[in-house]
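A.B. asks: There's a structure below that I have some questions on.
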Amino acid sequence: MRFLLAICFAAILAPLVAFWVWLQQRRILRSGRPLSNREAGLAAAVGMTDPTVLRVLVLETVPMPGPRWAHRFAQRLGFPALTAAGMSLGKGIYLDQKFEDRPVLLAHECVHSAQYERHGIFGFLCRYLYQCVRAGYANAAFEREAAGRSEAACRT
Ligand SMILES: [Zn+2]
């Protein structure tokens, strides 16, 4: 049952969220800052082939896609839906200003940017949404990869 729910959820939401991600990425690419040398080194260490394409936009609050009921639903799946400290939108990364100085957070988001790079926006979102519904946010394969790689890169 959870498998079918995951397939339906991913199929319905992925195109809508992909459009939102594309819009946010465009906004960040226009008004975000490039990575510092140190940050670019971290991005390369976690798998970004070309960290110079990334831009970071620091905001008071990281925006979330969809209406409030969707945020509550996402929270039930284990997403930190109303409290995101950062979010990767392909080549654009949002950071909450309260957490902007945490290298492990930026590294985590860079791993997601590398995942977008591997699969494209739509391909990433289909897989990511499916993983989150099937296994829960914390156990999603992309989240485990991001946590593992970012922590390893910041330890060295
Ligand atoms: Zn993540």
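When we follow numbering that gives the first Met the number 0, the leftmost residue of the sequence shown carries the number 0, and every step to the right adds one.
Note that the Cβ used here is the ideal one computed from N, Cα and C, for glycine as well.
Owing to the predicted nature of the structure, the values given are computational and were not obtained by experimental measurement.
Which residues in the same chain have their Cβ closer than 7 Å to the Cβ of F177, if we skip the five residues on either side of it in sequence?
C.D. replies: Lying outside 0 to 155, the shown extent of the chain, residue 177 is not represented and no answer is given.
A.B. asks: Under 6 Å from any heavy atom of ligand 1, by CB: list those residues in chain order, please.
C.D. replies: Per the Cβ criterion, the list is H107, H111, E142 and A145.
A.B. asks: Under 8 Å Cβ to Cβ from F98, same chain only, skipping five residues before and after it: list those, please.
C.D. replies: Looking up residue 98 in the sequence shown gives position 99. Cβ neighbours of F98 beyond the five flanking positions: A84, G85 and L104.
A.B. asks: Enumerated in chain order, which unbroken segments of the beta strand (DSSP E) with a length of 3 residues or greater are wholly contained in the region 11 to 81?
C.D. replies: With a minimum length of 3 residues, the continuous beta strand (DSSP E) runs that stay inside the region 11 to 81 are 54 to 58.
A.B. asks: For the alpha helix (DSSP H) holding Y127, just list the boundary residues, first then last.
C.D. replies: Stepping through the sequence shown from its first residue, residue 127 is reached at position 128. First-last of the alpha helix (DSSP H) with Y127: P102 to A134.
A.B. asks: Check whether the region 126 to 135 and the region 2 to 13 touch, using three or more Cβ-Cβ pairs below 8 Å as the test.
C.D. replies: Yes, since at least three Cβ pairs between the region 126 to 135 and the region 2 to 13 fall closer than 8 Å, the two stretches touch.
A.B. asks: If I'm right that G89 touches V132 with Cβ under 8 Å, what's the distance once you round it to whole angstroms?
C.D. replies: Against the sequence shown, residue 89 aligns to sequence position 90. Against the sequence shown, residue 132 aligns to sequence position 133. Not a contact, Cβ separation roughly 21 Å.
A.B. asks: Measure the C-alpha to C-alpha separation of V57 and L94 and round it to an integer number of angstroms.
C.D. replies: Residue mapping note: residue 57 aligns to position 58 of the sequence shown, counting from 1. Residue mapping note: residue 94 aligns to position 95 of the sequence shown, counting from 1. Rounded to whole angstroms, V57 to L94 spans 5 Å at the Cα level.
A.B. asks: According to the Cβ coordinates, are V55 and L34 closer than 8 Å?
C.D. replies: Within the sequence shown, numbered from 1, the residue matching residue 55 stands at position 56. Within the sequence shown, numbered from 1, the residue matching residue 34 stands at position 35. Yes, the Cβ-Cβ distance between V55 and L34 is below 8 Å.
A.B. asks: Taking the alpha-carbon of M63 as reference, which of P50, F78 and R148 has the nearest alpha-carbon?
C.D. replies: Indexing the sequence shown from 1 puts residue 63 at position 64. Ranking the options by Cα distance to M63, first place goes to F78.
A.B. asks: Report the rounded CA-to-CA distance for G31 versus G91, giving the unit in angstroms.
C.D. replies: Mapped onto the sequence shown, residue 31 falls at position 32. Mapped onto the sequence shown, residue 91 falls at position 92. Going from the Cα of G31 to the Cα of G91 covers about 8 Å.
A.B. asks: Just the Cα atoms here: how many angstroms apart are A69 and L4?
C.D. replies: Here residue 69 corresponds to residue number 70 of the sequence shown, with the count starting at 1. Here residue 4 corresponds to residue number 5 of the sequence shown, with the count starting at 1. Those two C-alpha atoms are separated by around 16 Å.
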